[in-house]
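Participant:
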Amino acid sequence: MSTIFKKIIDKEIPAKIVYEDDEIIAFHDAFPVAPVHILVLPKKEIVNINFASEEDVLLLGKIQLVLAKLAREFNIDKSGYRVLTNIGEDGGQTVLHMHYHLIGGRKLGTDI
Numbered sequence: 002m003s004t005i006f007k008k009i010i011d012k013e014i015p016a017k018i019v020y021e022d023d024e025i026i027a028f029h030d031a032f033p034v035a036p037v038h039i040l041v042l043p044k045k046e047i048v049n050i051n052f053a054s055e056e057d058v059l060l061l062g063k064i065q066l067v068l069a070k071l072a073r074e075f076n077i078d079k080s081g082y083r084v085l086t087n088i089g090e091d092g093g094q095t096v097l098h099m100h101y102h103l104i105g106g107r108k109l110g111t112d113i
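Terminal number for the sequence shown in the working numbering: 113, no gaps in between.
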């Protein structure tokens, strides 16, 4: 079964895309918790980091660089931001496709 993220990757569902290349896509979260809330994910279908393999090392590193690039583009790199990924049911993962939340633009407490 195709996840909502796979449908966004395949352009079956619209999203406010802010970055895309052959391996990674990033778009605004539909339910933001801060002024900047962007989801960054690999186009490769990996459930979460528990399912990543040695062959994913470069992809995972590139995602980190994209997160930093987007933080600069959205002017949250100096004030600070949070990068979050949810893993499994107890970790709050609701979409079974690895993704990172880039959250910033306000003082973040322990609420997110």
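Backbone N, C-alpha and C fix where the C-beta goes; we use that ideal spot for every residue, glycine too.
#1: Taking a contact to mean a Cβ-Cβ separation below 9 Å, would you say Y82 touches I47 in this structure?
#2: Could you give the distance in angstroms between the alpha-carbon of E56 and the alpha-carbon of N49?
#3: Alpha carbon to alpha carbon, how far is I14 from F6? Give it in angstroms, no decimals.
#4: If you check the beta carbons only, do A27 and R107 fall under 9 Å apart?
#5: Pick helix, strand or coil for G62, following the three-state DSSP scheme.
#6: Mind checking P33: buried by the 16 CB within 10 Å criterion, or exposed?
Facilitator: Straight from the coordinates:
#1: no
#2: 14 Å
#3: 9 Å
#4: no
#5: helix
#6: exposed
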